[in-house]
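Data first, discussion second: the structure below is written as C-alpha cells.
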Amino acid sequence: MLDTKLNRPDLPAEIARRRTFAIISHPDAGKTTLTEKFLLFGGAIQMAGQVRAKGEARRTRSDFMAMEKDRGISVSASAMSFDFHNFRFNLVDTPGHSDFSEDTYRTLTAVDAAVMVVDGAKGVESQTQKLFEVCRLRDLPILTFCNKMDRESRDTFDIIDEIQQNLAIDVTPASWPIGVGREFLGCYDILNDRLELMDRADRNRVAESVRIDGLDDPKLDELIPANLLEKLREEVEIARELLPPLDPQSVLEGHLTPIWFGSAINSFGVKELMEGIGTYGPEPQPQSADPRQISPEETKVSGFVFKVQANMDPKHRDRVAFVRMASGQFKRGMKLTHVRSKKPMTISNPVLFLAADRELADEAWAGDIIGIPNHGQLRIGDTLTEGEMLRVTGIPSFAPELLQTVRANDPLKSKHLEKALMQFAEEGAAKVFKPTIGSGFIVGVVGPLQFEVLASRIELEYGLPVRFESSQFTSARWVNGEKPAVDKFTEANKQHIAHDNDGDIVYLTRLQWDIDRIERDYPDVRLTAIKEMQ
Ligand code: GDP
1 MLDTKLNRPD
11 LPAEIARRRT
21 FAIISHPDAG
31 KTTLTEKFLL
41 FGGAIQMAGQ
51 VRAKGEARRT
61 RSDFMAMEKD
71 RGISVSASAM
81 SFDFHNFRFN
91 LVDTPGHSDF
101 SEDTYRTLTA
111 VDAAVMVVDG
121 AKGVESQTQK
131 LFEVCRLRDL
141 PILTFCNKMD
151 RESRDTFDII
161 DEIQQNLAID
171 VTPASWPIGV
181 GREFLGCYDI
191 LNDRLELMDR
201 ADRNRVAESV
211 RIDGLDDPKL
221 DELIPANLLE
231 KLREEVEIAR
241 ELLPPLDPQS
251 VLEGHLTPIW
261 FGSAINSFGV
271 KELMEGIGTY
281 GPEPQPQSAD
291 PRQISPEETK
301 VSGFVFKVQA
311 NMDPKHRDRV
321 AFVRMASGQF
331 KRGMKLTHVR
341 SKKPMTISNP
351 VLFLAADREL
361 ADEAWAGDII
371 GIPNHGQLRI
381 GDTLTEGEML
391 RVTGIPSFAP
401 ELLQTVRAND
411 PLKSKHLEKA
421 LMQFAEEGAA
431 KVFKPTIGSG
441 FIVGVVGPLQ
451 FEVLASRIEL
461 EYGLPVRFES
471 SQFTSARWVN
481 GEKPAVDKFT
491 EANKQHIAHD
501 NDGDIVYLTR
511 LQWDIDRIER
521 DYPDVRLTAI
531 KEMQ
C-alpha cells in the first residue's frame, strides 16, 4: 500500500482520508469507462464491464436489487464507495441525461471536488462547459482527465489552451502524452518523474511504470523512439516554461486544474489520476448552514439530503433519501433529529454504497453518502443532526422553464393524480403548482423530455394515464415579502397565484412585462426565480 500523506493530519484520519467527488463530462467522453476502471483499481469489481452489464444474477441478490430491476435505474450507481491506497473514495454519479437539471446541481452540492473528463479529439464540449460552470459557482476543485489518447487526438498544447480559454481556469500538466493515436506509447509522469507505458495487450492491466531520472535519463533512449523522445523533451520544456507549476493550494481553491492524459478503456493513466485525487483533492469540507457553519471534524453527527429516489418498488411506495454526511461519525441505529419537523428519527437500516454490493452501513463518516429508506419524511434539502437546529443551506430550487397543465384521463382520479405529482415533486423530478382558481395542476420542468418521462412514470407507477397540455402560463416566480404586502398582492392577482408542492406562494404569468410591472407596483413584494429548499 502506498502510504500517501494526508493533507490534514489534524483531522480524524477516517475523515482526512475521504475524497468525495463527481465526474463531469459530455456524453461519450468516457465517464462510464473511467468509473469502471476506478472500481477495478479500487478492488470493488473484478472485471471491467460489470458496471454497464450488471449481470441479472447480481441483481437478485437482495430485495433492493430487485427494486432496481423494476425501476430500471441503478440506484447503487448513484453513489459508490471504494478504497484506493489509504484513501476512501466516494464517487457520486451526476445524472446522465443531457437536459441540465437541478438534479445535477444538487448532486454537485454533495461533493467536494469534480473530475472533468474530456475527449482528446473533441476537447471541451457543451455539457462539460455547463457542468463546469456549476462547479465554478461553488469553487469546487477540478481535476482533469483527457481521455481516448489511444485515438487520433488534438495537439496537447491545443487541448490545454482550449480548457484555459473556454473555462477560464489555469491548467498544469501532471503528465505528458508521448505520441498520439496508433503511435501513443504512454505518458511521462511530470509529477513523479516516471515513465508510464501503455499495455495495449491487456486492457485491464495497470501500465508498466519505469522510474527515470528526469528527461535526460539515457534509459529513455531505449524505451522511446528518437523522434518521439525529441518531441517529448521539447514539449515538456515549453510546458514547464509556459504553464504554471502544480500549486496544491491553487487546485484546492479551484483556480488551477491538473491534467492527466490517458485512455480509460486501456486502463491507462487511471491509476495516476486516482493518486492525484487522493493527493490533490480535498478532504471533506465545511458545510454552510444556518445559523452556523458545520465542520467535518465536529464529533456530533450531521448530514443533509441532496437526492431522493422514490417508488423504487411500486408496491411499497418507499423511497431512499441520499444523505451526505457533513460531520462526525454516524453509527447504525442512531437517533437523529429531523430538523424540519423537529422529530427524532431512528436510522436503523441505512445503506452504504460499497460498489461491490449494497451493504447496510454500520458506520459512516463526514464525507460519506448513505441511503436512508423512508416513507416520505425525508425531502431534498432536509438536515439531520444530533439535536441542534441547524439547517444546511445552498441547496436551491430553480424556477422551471417549461410549464404544462396535467389532467388524469379519468377525471374521477384527480386525487390520485395529486398524490403521484406530489411524490415526483418531492423527488425533485418536477415542480407542481396548484392554482388558487380552477382545477388541475400545472407542472414545471427544465427540459422538455421530462414531461414524457413523467407521463410514463405516472402511468407505470400509479396506473394512471394522464395528458399534458399547454398551459396559459410560461413562467413561475416565488413570491416573497412581509405577510400584509404578500396578502395584498395575491388578493389582487388571484388568477395568477398558485401554491407549489411545499405550500409556498407562486406567481404564474406568460409575460416578462408582468414581472417587471409587479416589481414597480409592489415594491414590498419580491419575485424570485430561485428558492432555497428548506
Ligand atoms: P460516457 O457516455 O461518458 O459514459 O462514455 P462511455 O464510457 O460509455 O464511453 C463512450 C465510448 O467511448 C464507448 O464506446 C467506450 O468504449 C469508448 N471509450 C471510452 N474510453 C475510451 C478510450 O480510452 N479509448 C477509446 N478508443 N475509446 C474509449
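No gaps in the numbering here: position 455 of the sequence shown is 455 in the UniProt record's numbering, and each next residue is one more. Just so it is clear, CB atoms sit at the ideal spot from N, CA and C, and this is done for glycine as well. From a predicted model like this one, the values you see are computed outputs, not experimental measurements.
Handout entry: 6 Å CB neighbourhood of Lys219 in its chain, flanking five on each side removed
Key = Within the sequence shown, the letter at position 219 stands for residue 219. By the criterion of a C-beta distance shorter than 6 Å, Lys219 is surrounded in its chain by Ile212, once the five residues flanking it on both sides are discounted.
Practice task
Check whether the Cβ atoms of Leu185 and Leu246 lie closer than 8 Å to each other.
Solution key: On the sequence shown, residue 185 is found 185 positions in, with the first residue counted as 1. On the sequence shown, residue 246 is found 246 positions in, with the first residue counted as 1. In this structure, Leu185 lies away from Leu246, with their beta-carbon atoms at least 8 Å apart.
Exercise for the section: Measure the CB-CB distance between Val115 and Phe21 and report whether it falls below 8 Å. Expected result: As a working mapping, residue 115 is identified with position 115 in the sequence shown. As a working mapping, residue 21 is identified with position 21 in the sequence shown. Result yes, Cβ atoms of Val115 and Phe21 sit closer than 8 Å.
Practice task
State the Cα-Cα distance for the pair Asp487 and Glu452, rounded to the nearest angstrom.
Solution key: Within the sequence shown, residue 487 is the residue found at index 487, counting from 1. Within the sequence shown, residue 452 is the residue found at index 452, counting from 1. Going by the C-alpha atoms only, they are around 36 Å apart.
Handout entry: Residue burial classification, residue 551 (beta-carbon count within 10 angstroms, cutoff 16)
Key = Since the displayed the chain opens at 1 and closes at 534, residue 551 lies outside it and no answer follows.
Problem - residue 535 (DSSP reduced to helix, strand or coil) - result: Residue 535 is absent from the model: the chain starts at 1 and stops at 534.
Exercise for the section: Compare the C-beta of Gly333 against all C-beta atoms of chain E and say whether one is closer than 8 Å. Expected result: In the structure shown, chain E cannot be found, because there is only a single protein chain.
Handout entry: Own chain residues within Cβ distance below 7 Å of Arg526, not counting five before or after
Key = For the purposes of this step, residue 526 is taken as residue 526 along the sequence shown, with counting starting at 1. These residues qualify, in order along the chain: Asn480 and Gly481.
Handout entry: Selection from Phe441, Glu125 and Thr35 that minimises the alpha carbon distance to Ser470
Key = Translated into positions along the sequence shown, residue 470 becomes position 470. Selected option, being the one with the closest Cα: Phe441.
Problem - Inter-residue spacing [alpha-carbon to alpha-carbon] between Ala201 and Cys146 - result: As a first step, residue 201 is located in the sequence shown; it is residue number 201 there, counting from the start. As a first step, residue 146 is located in the sequence shown; it is residue number 146 there, counting from the start. Spanning the two alpha carbons is a distance of roughly 21 Å.
Practice task
Could you check the C-alpha separation between Phe157 and Ile259 for me, to the nearest Å?
Solution key: For the purposes of this step, residue 157 is taken as residue 157 along the sequence shown, with counting starting at 1. For the purposes of this step, residue 259 is taken as residue 259 along the sequence shown, with counting starting at 1. If you take the alpha carbons of Phe157 and Ile259, they lie about 12 Å apart.
Handout entry: Top-ranked residue by Cα proximity to Gln309, from Thr144, Ser81 and Glu427
Key = Here residue 309 refers to the residue found at position 309 when the sequence shown is read from its first residue. When each option's Cα is compared against that of Gln309, the closest is Glu427.
Problem - Asp202 beta carbon near ligand 1 (any heavy atom closer than 7 Å) - result: Working through the sequence shown from its first residue, we reach residue 202 at position 202. Checking the 7 Å criterion, the Cβ of Asp202 is out of range of every heavy atom belonging to ligand 1.
Problem - Any non-hydrogen atom of ligand 3 within 7 Å of Ile442 CB - result: Ligand 3 is not among the ligands present in this structure, which contains only ligand 1.
Practice task
Note down, in chain order, each residue of its chain lying with its Cβ closer than 6 Å to the Cβ of Phe89, except the 5 sequence neighbours on either side.
Solution key: Taking the sequence shown and counting its residues from 1, the one referred to as residue 89 is at position 89. Closer than 6 Å at the Cβ level, and outside the excluded window around Phe89, lie Arg19 and Phe82.
Handout entry: Leu378 versus Gln287 - alpha carbon distance
Key = By 1-based counting over the sequence shown, the position of residue 378 is 378. By 1-based counting over the sequence shown, the position of residue 287 is 287. Cα to Cα, Leu378 sits roughly 19 Å from Gln287.
Handout entry: Exposed unless 16 or more other CB atoms sit within 10 angstroms - verdict on His375
Key = For the purposes of this step, residue 375 is identified with residue 375 of the sequence shown, where counting begins at 1. Looking at its Cβ environment, which holds fewer than 16 other Cβ atoms inside 10 Å, His375 is exposed.
Handout entry: For His26, the first and last residue of its enclosing beta strand (DSSP E)
Key = Mapped onto the sequence shown, residue 26 falls at position 26. Taken as a continuous stretch (DSSP letters only), His26 belongs to no beta strand (DSSP E), as it is neither H nor E.
Exercise for the section: Tell me where the alpha helix (DSSP H) around His416 begins and ends. Expected result: Start at 1 with the first residue of the sequence shown, and residue 416 comes out as number 416. Note, His416: alpha helix (DSSP H), Ser414 to Glu427.
Exercise for the section: Report the rounded CA-to-CA distance for Asp150 versus Gly333, giving the unit in angstroms. Expected result: Along the sequence shown, read from residue 1 onward, the residue named residue 150 stands at position 150. Along the sequence shown, read from residue 1 onward, the residue named residue 333 stands at position 333. About 49 Å.
Exercise for the section: Report yes if the C-beta of Gly367 is less than 7 Å from at least one heavy atom of ligand 1; otherwise report no. Expected result: Position 367 of the sequence shown, counted from the start, is the residue given in the question as residue 367. No, since every heavy atom of ligand 1 falls outside the 7 Å radius drawn around the Cβ of Gly367.
Problem - Simplified DSSP assignment, three categories, for Met149 - result: One-based indexing of the sequence shown puts residue 149 at position 149. Of the three classes helix, strand and coil, the one that applies to Met149 here is coil, per DSSP.
Exercise for the section: Compute the Euclidean distance between the alpha carbons of Val320 and Phe304, then round it to the nearest angstrom. Expected result: By 1-based counting over the sequence shown, the position of residue 320 is 320. By 1-based counting over the sequence shown, the position of residue 304 is 304. Spanning the two alpha carbons is a distance of roughly 13 Å.
Handout entry: Of the listed residues Arg340, Val251 and Leu242, nearest to Asp290 (C-alpha basis)
Key = Here residue 290 refers to the residue found at position 290 when the sequence shown is read from its first residue. Comparing Cα positions, the closest option is Arg340.
Practice task
Put Leu40 into one of helix, strand or coil per three-state DSSP.
Solution key: Within the sequence shown, the letter at position 40 stands for residue 40. Leu40: helix per DSSP, three-state reduction.
Problem - Three-state secondary structure assigned by DSSP to Val486 - result: The residue you call residue 486 lines up with position 486 of the sequence shown. DSSP places Val486 within a helical segment (H, G or I) once states are collapsed to three.
Exercise for the section: Would you kindly work out how many angstroms separate the C-alpha atoms of Thr32 and Ile23, rounded to a whole number? Expected result: As a working note, residue 32 is residue 32 in the sequence shown. As a working note, residue 23 is residue 23 in the sequence shown. Whole-angstrom Cα-Cα distance: 9 Å.
Practice task
In angstroms with no decimal places, state the Cα-to-Cα distance between Arg17 and Ala326.
Solution key: Counted from its first residue, the sequence shown places residue 17 at position 17. Counted from its first residue, the sequence shown places residue 326 at position 326. Those two C-alpha atoms are separated by around 15 Å.
Problem - Start and end residues, alpha helix (DSSP H) containing Gly278 - result: Counting from 1 along the sequence shown, the entry for residue 278 is found at position 278. Val270 to Tyr280 is the extent of the alpha helix (DSSP H) around Gly278.
Practice task
Could you tell me how far apart the beta carbons of Phe306 and Ile395 are, in whole angstroms, since I believe they sit closer than 8 Å?
Solution key: In the sequence shown, the residue the question calls residue 306 occupies position 306. In the sequence shown, the residue the question calls residue 395 occupies position 395. Going by Cβ atoms, the distance from Phe306 to Ile395 rounds to 7 Å, so yes, they are a contact pair.
Problem - Extent of the continuous alpha helix (DSSP H) run through Glu133 - result: Numbered from its first residue, the sequence shown carries residue 133 at position 133. Start and end: Ser126 to Leu137.
Practice task
Please work out which residues of its chain come closer than 6 Å, Cβ to Cβ, to Lys531, disregarding the five sequence neighbours upstream and downstream, and give them in chain order.
Solution key: As a position in the sequence shown, residue 531 is number 531, starting the count at 1. Correct list, in chain order: Ser397 and Trp478.
Handout entry: Three-state secondary structure (DSSP) of Ala16
Key = Residue 16 sits at position 16 when you count from the first residue of the sequence shown. Note: Ala16 maps to helix in three-state DSSP.
Handout entry: Beta-ladder partner(s) of Tyr507, from DSSP
Key = Stepping through the sequence shown from its first residue, residue 507 is reached at position 507. According to DSSP, Tyr507 bridges with Arg477 and Ile497.
Handout entry: Alpha-carbon spacing of Ser414 relative to Ala408, whole angstroms
Key = Position 414 of the sequence shown, counted from the start, is the residue given in the question as residue 414. Position 408 of the sequence shown, counted from the start, is the residue given in the question as residue 408. Cα-Cα distance, rounded: 6 Å.
Exercise for the section: Look up Arg324 in the DSSP assignment and say whether it is helix, strand or coil. Expected result: Counting from 1 along the sequence shown, the entry for residue 324 is found at position 324. Three-state result, Arg324: strand.
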